[in-house]
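Novice: I have a structure I would like to understand better, so I am pasting it below and will then ask my questions one at a time.
Residue numbers (the numbering used here): 1156 to 1405.
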């Protein structure tokens, strides 16, 4: 299995759609509009039906649910990118897949934090989900969708967070699947950035996931997030490939 097939499979399992339809080699995912990942079409194989008919069918299925038709483009289906570009589908959110070995982490020495900084890491629970929603300004309805998605994850799921005087200021999530650990929802409140908190949370998740057999980590980071990319590169992550979405604007 090459990198693209491997990390796409891991990503599908770590962020499962609430509903899906397998249609002539295409996986249509539906999750009430919460995240492109869980509301997009993944081309598993070309299939046998007429391409124009397939695209029209998918557009109808997404429209019926009040969603834009959205295709995930990876190095394995670049031909679809060319086709969709001619059908007024816009490029959305170019994203890097990065990975590293946990045993070759280049993390720097941990900083000392004041006593009022409280770090927690453990199984994902409602307090972490409320923390994540608050930090990322996710409205209540979307938070409920996120909870339903998280409940469908089959691997070990870890939540890490930091609070100062009882106020949540940073969080991260990890999903362990065999020897692989996926990092998601890494977020630090703006006024607490540049203090090493993201790296600390990631290392805490590394340590916890290692106990469950994880030996390699991967993550997805938007290409425009230069600060996060610099941090991950410093920690030892390397880019495997880039993916993006082609979305039909409504």
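Cβ coordinates follow ideal geometry from the N, Cα and C atoms, glycine included.
(1) Among 1376, 1204, 1342, 1239, which one has its Cα closest to the Cα of residue 1179?
(2) For the candidate residues 1326, 1396, 1333, 1335, whose alpha-carbon lies nearest to that of residue 1347?
(3) Do you know offhand how far residue 1321's Cα is from residue 1367's?
(4) Between residue 1222 and the rest of its own chain, which residues show a CB-CB distance below 8 Å, the 5 nearest in sequence each way excluded?
(5) If I measure Cβ to Cβ from residue 1197 and keep anything under 6 Å in the same chain, skipping five residues before and after, which residues do I get?
(6) Exposed or buried, which one is residue 1270 when buried takes at least 16 other CB atoms within 10 Å?
(7) From the DSSP output, in three-state form, read off residue 1379 for me.
(8) For residue 1359, which option in 1376, 1345, 1341, 1349 has the closest C-alpha, if you only look at C-alpha atoms?
(9) Skipping 5 residues on each side, what residues in its chain have a beta carbon closer than 6 Å to that of residue 1324?
(10) Could you check whether residue 1330 and residue 1229 sit closer than 8 Å to each other, using their CB atoms as the reference points?
(11) Between the alpha carbons of residue 1319 and residue 1334, how many angstroms are there, rounded?
(12) Just to confirm my understanding: we take residue 1303, look at its own chain, exclude 5 residues before and 5 after, and list those with CB closer than 7 Å. What are they?
(13) What does a CB cutoff of less than 6 Å around residue 1328 pick up in its chain, not counting 5 residues either side in sequence?
(14) List the endpoints of the continuous beta strand (DSSP E) containing residue 1185.
(15) Determine the burial state of residue 1237: buried for a count of at least 16 other Cβ atoms within 10 Å of its Cβ, exposed for fewer.
(16) For residue 1363, which option in 1312, 1388, 1398 has the closest C-alpha, if you only look at C-alpha atoms?
(17) Going by the CB atoms, is the gap between residue 1351 and residue 1266 shorter than 8 Å?
(18) Tell me the DSSP bridge mates of residue 1338?
(19) May I ask which residues mark the beginning and end of the beta strand (DSSP E) holding residue 1107?
(20) Could you tell me which uninterrupted beta strand (DSSP E) segments, each at least 3 residues in length, are contained entirely in the stretch 1235-1311, listed from first to last along the chain?
(21) Check the Cβ-Cβ distances between residue 1234 and every residue of chain D, and say whether any is below 8 Å.
(22) So, helix, strand or coil for residue 1226, using DSSP?
(23) Note down the Cα distance separating residue 1168 from residue 1354, rounded to an integer number of angstroms.
(24) Using beta-carbon positions only, say whether residue 1403 and residue 1243 come within less than 8 Å of one another.
Specialist: In brief:
(1) The residue from 1376, 1204, 1342, 1239 with its alpha-carbon nearest to that of residue 1179 is 1204.
(2) With respect to the C-alpha of residue 1347, the residue from 1326, 1396, 1333, 1335 having the closest C-alpha is 1326.
(3) Their backbone Cα atoms lie some 30 Å apart in a straight line.
(4) Same-chain partners within the cutoff: 1185, 1188, 1194.
(5) Counting only Cβ-Cβ distances below 6 Å, and skipping sequence neighbours, we find 1182, 1227.
(6) Under the 10 Å beta carbon count, residue 1270 is surrounded by fewer than 16 other beta carbons and is classified as exposed.
(7) Three-state result, residue 1379: coil.
(8) Measuring C-alpha to C-alpha distances from residue 1359 to each of 1376, 1345, 1341, 1349 identifies 1341 as the nearest.
(9) For residue 1324, where only same-chain residues beyond five positions count, the Cβ hits under 6 Å are 1317, 1344, 1347.
(10) Contact flag unset, no.
(11) Going by the C-alpha atoms only, they are around 33 Å apart.
(12) Taken in chain order, the residues that qualify are 1173.
(13) Only 1314, 1339, 1340 meet the Cβ criterion.
(14) Going by DSSP, residue 1185 is part of the beta strand (DSSP E) stretching over 1181-1185.
(15) Per the 10 Å Cβ criterion, exposed.
(16) Distances from the CA of residue 1363 to each of 1312, 1388, 1398 were compared; the closest alpha carbon is that of 1312.
(17) Taking 8 Å as the Cβ cut-off, residue 1266 and residue 1351 qualify as a contacting pair.
(18) In DSSP, residue 1338 forms a bridge with 1329, 1374.
(19) Residue 1107 lies beyond the stretch modelled for the chain, which goes from 1156 to 1405, so this question has no answer here.
(20) The DSSP assignment places complete beta strand (DSSP E) segments of no fewer than 3 residues inside the stretch 1235-1311 at 1244-1256, 1272-1278, in order along the chain.
(21) Protein chain content of the structure displayed is limited to a single chain, and chain D is not contained in it.
(22) It is a strand residue.
(23) Computed Cα separation, rounded: 24 Å.
(24) With contacts defined by Cβ atoms closer than 8 Å, residue 1403 and residue 1243 form a contacting pair.
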